[in-house]
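Peer 1: Before we start, here is the structure in question, set down as structure tokens.
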Amino acid sequence: MAKRKNGERDIKSVLQEFIASNRLDKGLDQVSVSQAWESVMGAPIVKYTTGVVLDRDTLYVSLSSSVLREELSYGKLKIIDLLNGKMQKEVVRKLVLR
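What follows is the structure in structure tokens.
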């Protein structure tokens, strides 16, 4: 049985330690990046989004509109900066629009 650590700690540090020790960072990043996409891009673009998948450091976004895909392709670097800013760490390095 594991020993209990004496002393008070805040819940944030306890959760961060738990996430790190169980290697849950990647899974949480996948969920967080999907939520960040919805928040950053807004409802009109989310309406045409059919899938958001994070694989390593590449974000794959499936869109149902080829016109929207073409328009978003011009601002890939800006979108990556906005997503990483929203997540407060560099998670996305490459954006692929499908």
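Okay, so the sequence shown: first residue is 119 according to the numbering used here, each after it adds one.
Cβ atoms here follow ideal geometry from the backbone N, Cα and C, with glycine treated the same way.
What are the complete beta strand (DSSP E) segments, minimum 3 residues, inside the stretch 130–197?
Peer 2: Within the stretch 130–197, the complete beta strand (DSSP E) runs of at least 3 residues are 167–173, 176–181.
Peer 1: Taking the CB atoms as reference points, tell me whether residue 215 and residue 191 lie closer together than 8 Å.
Peer 2: Along the sequence shown, one-based indexing puts residue 215 at 97. Along the sequence shown, one-based indexing puts residue 191 at 73. Yes, the Cβ-Cβ distance between residue 215 and residue 191 is below 8 Å.
Peer 1: Measuring CA to CA, which of 212, 145, 132, 170 is closest to residue 152?
Peer 2: For this step, residue 152 is matched to residue 34 along the sequence shown. Answer by Cα proximity: 170.
Peer 1: Quick check on DSSP: helix, strand or coil for residue 212?
Peer 2: Start at 1 with the first residue of the sequence shown, and residue 212 comes out as number 94. Residue state, collapsed to three classes: strand.
Peer 1: As a quick exercise: from 196, 175, 164, 213, pick the residue whose alpha carbon is nearest that of residue 143.
Peer 2: Taking the first residue of the sequence shown as 1, we reach residue 143 at position 25. Selected option, being the one with the closest Cα: 175.
Peer 1: Please return the same chain residues whose Cβ sits closer than 6 Å to the Cβ of residue 179, not counting the five positions on each side in sequence.
Peer 2: Counting from one through the sequence shown, the residue named residue 179 turns up at place 61. Contacts found: 170, 215.
Peer 1: Taking the alpha-carbon positions, what's the residue 149 to residue 136 distance?
Peer 2: Here residue 149 refers to the residue found at position 31 of the sequence shown. Here residue 136 refers to the residue found at position 18 of the sequence shown. Going by the C-alpha atoms only, they are around 17 Å apart.
Peer 1: Out of curiosity, what's the CA-to-CA distance linking residue 185 and residue 156?
Peer 2: Here residue 185 refers to the residue found at position 67 of the sequence shown. Here residue 156 refers to the residue found at position 38 of the sequence shown. For residue 185 and residue 156, the distance between alpha carbons rounds to 19 Å.
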